[in-house]
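Numbering (my numbering), first residue to last: 515 to 633.
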């Protein structure tokens, strides 16, 4: 996670889990998923931190994907090639994706809805 800070609540919990050395070397979302299978119960504070990590990661992907699509189109990629690379079912789905993501970004903007962003 180059340049990004890790959440100490998550890291404290992961460091107490079986296989902590491996868990601490993975991305937080990966470590949480792996550890939760073994742990059974995850503390409420860790669940809250986990949810915030999901919201942040989703926002990053939702910002990057339409930019990728626009860049690929500017560089001559076909809609079908974009669909294939992103695992979308059709060229038409790829064409609609930018509009869908723009709407999702507006809906999930922290200025619009602060609930998911509160730690």
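Here a beta-carbon is modelled for each residue, glycine too, at the ideal position from N, C-alpha and C. Owing to the predicted nature of the structure, the values given are computational and were not obtained by experimental measurement.
{"Query": "Answer with buried or exposed for residue 542, where buried requires no fewer than 16 other C-beta atoms within 10 angstroms of its C-beta.", "Result": "buried"}
{"Query": "For residue 549, does the count of other Cβ atoms within 10 angstroms reach 16, so buried, or fall short, so exposed?", "Result": "buried"}
{"Query": "Any idea what DSSP makes of residue 555, helix, strand or coil?", "Result": "coil"}
{"Query": "Considering residue 529, what are the terminal residues of the alpha helix (DSSP H) in which it resides?", "Result": "522-529"}
{"Query": "So what does DSSP say about residue 623, is it helix, strand or coil?", "Result": "coil"}
{"Query": "Which whole-angstrom value is the C-beta distance of residue 576 and residue 602, which I expect to be below 8 Å?", "Result": "Between residue 602 and residue 576 the Cβ distance is about 15 Å, and since that is not below 8 Å, they are no contact."}
{"Query": "Taking the runs of the alpha helix (DSSP H) that are 4 residues or longer, which of them lie wholly in the region 529-607?", "Result": "534-539, 542-553, 558-588 and 593-600"}
{"Query": "Using C-beta distances below 7 Å, list every residue in its chain close to residue 537, excluding the 5 sequence neighbours before and after it, in chain order.", "Result": "528, 531, 545, 548 and 549"}
{"Query": "Within a Cβ cutoff of 8 Å, which residues of the same chain sit near residue 608, ignoring the five residues on either side of it in sequence?", "Result": "583, 593, 594, 596, 597, 600 and 602"}
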